[in-house]
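Enquirer: Throughout the sequence shown, residue numbering follows our numbering, covering 2 to 456 in sequence.
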Amino acid sequence: MKSRLFIIALTLALLQQISLALSTYFIAQAGEALTLQTYASIKMYIVYFFAFALLAYLISSAGELVRVRLQNQTWKHYTLQTFSLLRKDIRLSSSKNSKLTTNWLTGEAAGTIEHAAAFYIGMASTYFNIIFTLIVFYLTLGHLISSVLLASLMVSAIFVMLMKTKIDEYATRLQKTKLQALLEIEPLWHNSHFASSPMFNNRKLRYSDQSEHYFRTTEKYVLLEQMIACLPICVAVLIMIVALYLPAEVTAVPLGTLVAVLPRTLQLFGSVHALSMYGSQFVIVRRKVKNLVTFTQTLEQQNFNEQISAQKITIREITTQQRYALAEFQQALVCQALKPGRYLVQGDNGSGKSSVLKWIKSLSEDAVLISPDISFSEPDENLSTGQRQMKQLSGLLQQPVEIFLLDEWDANLDTLNRHILNAQIDNISAEKVVIEVRHSNTEHPAAFPLPTTET
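Quick look at the structure:
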């Protein structure tokens, strides 16, 4: 948020509120001139009023454009920064974390950034509005009205401080319950198309429960927020009504000025109401922004030591038939002693062969891990699963990297395409290191006979 665009947006908000304050000052002067029957000055004050009001609206439009650009750049920077952090720890690459991150970035994070950009600028603008309006009211109406409004602001600040812990609790709860509700969307999609009616109905009930929990939390927070917002206004209005009936304060000129600025007084009450809401929301927005910063720390890490049964896994170079224990292979990889070739990771089901590839990827930042479950670009929905896999794998094997990690590359492929890709992998392994886990039970795809064409 502390960017050049944010400073520009704050500056424009300041200039807008100065212009509005000047327009209020001149309409108050027009009311006073009308009471004093100095008609020659009234037109000039009204012209000034409209001129500064127009200037305020123009500045507001410019500020909105800057705010949108700030919001967009912040979201882009946050998304890229999040993936830069994720890239540093392969243990965060689970399917669950993938869904959590996708839902977070497209849902809660995007909404929080959009809301936070508007919130901080709006709160600053409201502060400027109240400060400059109070100055104008002090100059035109005296100390009484200004004191009343200051009292209402103090009540608001005290109430927010007292409820800070409760608001902070709602902030975290709102984000968690919303994310849980969003996680139910994808299973609901699959059940709506591919499940039986009882399965679909059960999933709908689960989604309803999660979303209802989020909605109840939202409603409780809004109730608390409105209590904080309305109390200062009630105090200010009651004090002002009492003040109007004090004989010492009732004179023609102040009343004329007050009548002229009554619409602005109502707007000021609205600003005080908004500021009270900003005060309560400040805690929740600050918590949400902190949650943006710490999101990657909340993801579950995979424990490769638990997932990999090292004693059940061997690695064999296909051409030379040289076998490696896992620790021995790791040492050769770290010392860059592996020669180009095809290295097959073998082991029983559940021994952690795929986890071995992830573990190797963590040792080499420039290695590429390829799996049927991983999409490096937007998939072409017009192609079959096997065709998409062939297209992606063929393209990735052309990348200028030294180590390729292939996780069940032969899954979803027919015999012909397995032979085509196998030949391509053989060519690449003459110059690069290829480490692979097979889907099929055969040690080499060439074991599958090529289909023959009858004549």
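Ideal Cβ placement from N, Cα and C applies to all residues, glycine included.
Straight-line CA distance for Glu444 to Thr80?
Expert: Here Glu444 scores only 49 on pLDDT, less than 50, and its place in the model should not be relied on; the value that follows carries that caveat. Roughly 41 Å separates the two Cα atoms.
Enquirer: Asn350: buried (16+ other C-beta within 10 angstroms of its C-beta) or exposed?
Expert: With fewer than 16 other Cβ atoms within 10 Å, it is exposed.
Enquirer: Any chance the segment 9-16 sits against the segment 125-140, with 3 or more Cβ pairs inside 8 Å?
Expert: Contact holds: three or more Cβ-Cβ distances are below 8 Å.
Enquirer: Which residues in the same chain as Ala119 place their Cβ atom closer than 8 Å to its Cβ, once the five residues preceding and following it in sequence are excluded?
Expert: Taken in chain order, the residues that qualify are Arg68 and Gln72.
Enquirer: Roughly how many angstroms lie between the CA atoms of Gln282 and Lys291, to the nearest whole one?
Expert: If I take the Cα positions, the gap works out to 14 Å.
Enquirer: At what residues does the alpha helix (DSSP H) containing Trp137 begin and finish?
Expert: A small correction: the amino acid at residue 137 is Val; Trp does not occupy that position in the sequence shown. From DSSP, the alpha helix (DSSP H) with Val137 extends over Ala111 to Leu142.
Enquirer: Are at least three pairs of beta-carbons, each pair with one atom in the segment 85-95 and one in the segment 29-37, less than 8 Å apart?
Expert: At 8 Å Cβ cutoff, the stretches do not touch.
Enquirer: Would you mind sorting Asn104 into buried or exposed? The rule is 16 or more other CB atoms within 10 Å of its CB.
Expert: Under this definition Asn104 is a buried residue.
Enquirer: Could you tell me which residues DSSP puts in a beta bridge with Arg439?
Expert: Partner(s): none; Arg439 has no beta bridge.
Enquirer: Under the three-state reduction of DSSP, which class applies to Gly387: helix, strand or coil?
Expert: Helix, per DSSP.
Enquirer: If you draw a straight line from the C-alpha of Leu364 to the C-alpha of Ile91, how long is it?
Expert: Using only the alpha carbons, I get a separation of about 10 Å.
Enquirer: Report buried or exposed for Gln298, applying the criterion of at least 16 other Cβ atoms within 10 angstroms of its Cβ.
Expert: Burial call: exposed.
Enquirer: Would you mind listing the alpha helix (DSSP H) stretches within the segment 3-43 that are 4+ residues and don't spill past its ends, in chain order?
Expert: Whole alpha helix (DSSP H) segments, 4+ residues: 5-37.
Enquirer: Could you check whether the Cβ of Tyr128 sits closer than 8 Å to any heavy atom belonging to the ligand NAD?
Expert: This structure lacks the ligand NAD; in fact it carries no ligand of any kind.
Enquirer: Tell me whether Gln176 is buried or exposed, calling it buried when 16 or more other Cβ atoms sit within 10 Å of its Cβ.
Expert: Buried: at least 16 other Cβ atoms inside 10 Å.
Enquirer: Using the rule of at least 16 other Cβ atoms within 10 Å of the residue's Cβ for burial, across every protein chain shown, is Gln323 buried or exposed?
Expert: The residue in question, Gln323, is exposed, as its Cβ has fewer than 16 Cβ neighbours within 10 Å.
Enquirer: Would you kindly work out how many angstroms separate the C-alpha atoms of Ile436 and Gln302, rounded to a whole number?
Expert: Their Cα atoms are separated by approximately 24 Å.
Enquirer: With a threshold of 6 Å on Cβ separation, who are the neighbours of Arg49 within its own chain once the five nearest residues in sequence on each side are excluded?
Expert: The sequence given here places Tyr at residue 49; Arg does not occur at that position. Answer for Tyr49: Phe27, listed in chain order.
Enquirer: Name the DSSP bridge partner or partners of Leu370?
Expert: Leu370 pairs with Leu406.
Enquirer: If Thr113 and Leu293 are in contact, beta carbons under 8 Å, what's the gap, nearest whole angstrom?
Expert: About 6 Å separates the two Cβ atoms, so the contact holds.
Enquirer: Considering only residues of the segment 156-234, which uninterrupted alpha helix (DSSP H) runs meet the minimum length of 4 residues and lie entirely inside it, listed in chain order?
Expert: List check, alpha helix (DSSP H) in window: 165-184 and 186-195.
Enquirer: Provide the residue span of the beta strand (DSSP E) that contains Leu345, from first to last.
Expert: Start and end: Gly342 to Gln347.
Enquirer: Where do the N-terminal and C-terminal ends of the beta strand (DSSP E) with Thr315 fall, by residue?
Expert: Residues Thr315 to Glu318.
Enquirer: For a quick check, are the C-beta atoms of Ser197 and Lys359 less than 9 Å apart?
Expert: No. Outside cutoff.
Enquirer: For Ala54, which residues in the same chain have their Cβ closer than 6 Å to its Cβ, ignoring the five residues on either side in sequence?
Expert: Excluding residues within five positions, the ones whose Cβ falls inside 6 Å are Ser24.
Enquirer: Quick check on Tyr149: buried or exposed, where buried means 16 or more other Cβ atoms within 10 Å of its Cβ?
Expert: In the sequence as presented, Tyr is not what sits at residue 149; that position holds Val. Flag for Val149 reads buried.
Enquirer: By alpha-carbon positions, which one of Val402, Leu184, Gln388 and Ile168 ends up nearest to Ser207?
Expert: As written in the sequence, residue 207 is Arg, which differs from the Ser given in the question. Nearest of Val402, Leu184, Gln388 and Ile168 to Arg207, Cα basis: Leu184.
Enquirer: How many Å lie between Ser209 and Asp169 at the Cα?
Expert: If I take the Cα positions, the gap works out to 26 Å.
Enquirer: Under the three-state reduction of DSSP, which class applies to Ala1: helix, strand or coil?
Expert: The shown model of the chain, from 2 to 456, leaves out residue 1, and the question about it has no answer.
Enquirer: Tell me whether the segment 369-379 and the segment 402-415 touch, counting them as touching only if at least three CB pairs, one residue from each stretch, are closer than 8 Å.
Expert: Because the criterion of three Cβ pairs below 8 Å is met, the segment 369-379 and the segment 402-415 touch.
Enquirer: Quick one: what's Val434 bridged to in DSSP?
Expert: Beta-bridge pairing links Val434 to Gly342 and Ile404.
Enquirer: Buried or exposed: where does Ile132 fall if 16 or more other Cβ atoms within 10 Å of its Cβ makes it buried?
Expert: So Ile132 counts as exposed.
Enquirer: For Leu339 and Ile421, what's the separation of their Cα atoms in angstroms?
Expert: Each residue's Cα considered, the two are about 26 Å apart.
Enquirer: Considering only the alpha carbon of each residue, which of Ala412, Arg288 and Ile426 lies closest to Thr166?
Expert: For Thr166, the nearest C-alpha among the options comes from Arg288.
Enquirer: Nearest to Ala182 by CA position, among Lys205, Met162 and Met164, is which residue?
Expert: When only C-alpha atoms are compared, the closest one is Lys205.
Enquirer: If you compare alpha carbons, which of Tyr171, His191 and Gln18 is closest to Glu220?
Expert: Nearest of Tyr171, His191 and Gln18 to Glu220, Cα basis: Tyr171.
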